[in-house]
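S.K.: Okay, handing you the structure first.
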Amino acid sequence: MANRQYQQFQGTLQKGIVTLYPVVAVGASGAVTLKKWNPTTKAYDNASTTGVGYQKGTDGVSSVSRTGAGLWSIVLQDNYFRVIGVRATTFNSTGAVGAQMIGIDTDSDVASASAPTLKINIQSSAGTSADPTSGDRMHLEIVFQNSSAP
Numbered sequence: 105m106a107n108r109q110y111q112q113f114q115g116t117l118q119k120g121i122v123t124l125y126p127v128v129a130v131g132a133s134g135a136v137t138l139k140k141w142n143p144t145t146k147a148y149d150n151a152s153t154t155g156v157g158y159q160k161g162t163d164g165v166s167s168v169s170r171t172g173a174g175l176w177s178i179v180l181q182d183n184y185f186r187v188i189g190v191r192a193t194t195f196n197s198t199g200a201v202g203a204q205m206i207g208i209d210t211d212s213d214v215a216s217a218s219a220p221t222l223k224i225n226i227q228s229s230a231g232t233s234a235d236p237t238s239g240d241r242m243h244l245e246i247v248f249q250n251s252s253a254p
């Protein structure tokens with residue numbers, strides 16, 4: 105399981121809760137780019153796509169790729185016991201929301217020691233897989249459990 109210095113207190117009955125907050129920009133044809141906050145410029149820059157371990161990606165996520173309409177594969181920097189949930193907030197110039205729901209693919213393997221991966225399915229209000237609108241910035245909140253203790 106992930107072996108980092110996490111903030112200790114979250115006020116939850118579950119043990120070993122870890123929350124990641126990746127930000128993903130959506131481009132033409134649903135292309136995705138992992139973003140990293142730059143406190144100096146107060147803007148999002150592209151996260152590193154090279155390096156090993158924690159050098160690649162940002163804040164617990166190594167990379168994000170689009171595998172189909174509304175389908176994203178999120179490669180994690182650490183492995184976890186299980187995924188608890190995923191939520192998203194969409195930022196765009198109009199305030200309109202295109203994609204409505206996020207599902208977690210049961211083919212996800214967040215416990216893999218070599219390539220922990222979370223697969224998500226973004227769906228429209230009609231319940232079909234759909235890419236967010238080009239220009240959207242998706243702020244994800246991904247909650248994991250990092251302990252098998254009851």
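The numbering used here applies: residue 105 is where the sequence shown begins, and numbers increase by one.
Ideal Cβ placement from N, Cα and C applies to all residues, glycine included.
(1) Which same chain residues end up closer than 6 Å to ILE246 when comparing Cβ atoms and leaving out the 5 residues on each side of it in sequence?
(2) Hey, would you say VAL128 sits closer than 8 Å to MET242, going by beta carbons?
(3) Can you give me the start and stop residues for the beta strand (DSSP E) that TYR148 sits inside?
(4) Determine contact between the stretch 233–240 and the stretch 171–183, defined as no fewer than three beta-carbon pairs at a distance below 8 Å.
(5) If GLN181 and VAL168 are in contact, beta carbons under 8 Å, what's the gap, nearest whole angstrom?
(6) Just verifying my parser: in three-state terms, what is the DSSP assignment at GLN204?
(7) Do THR162 and LYS146 have their CB atoms nearer than 8 Å?
(8) Starting from ASP190, trace the beta strand (DSSP E) in both directions and tell me its first and last residue.
(9) For ILE188 and GLN249, I'd like the C-alpha separation in whole angstroms.
M.R.: Reading it off the structure:
(1) LEU124 and VAL190
(2) yes
(3) 147–150
(4) yes
(5) Not really, about 12 Å apart at Cβ, beyond 8 Å.
(6) coil
(7) no
(8) Reading the sequence as shown, one finds Val at residue 190 and not Asp. 186–195 is the extent of the beta strand (DSSP E) around VAL190.
(9) 7 Å
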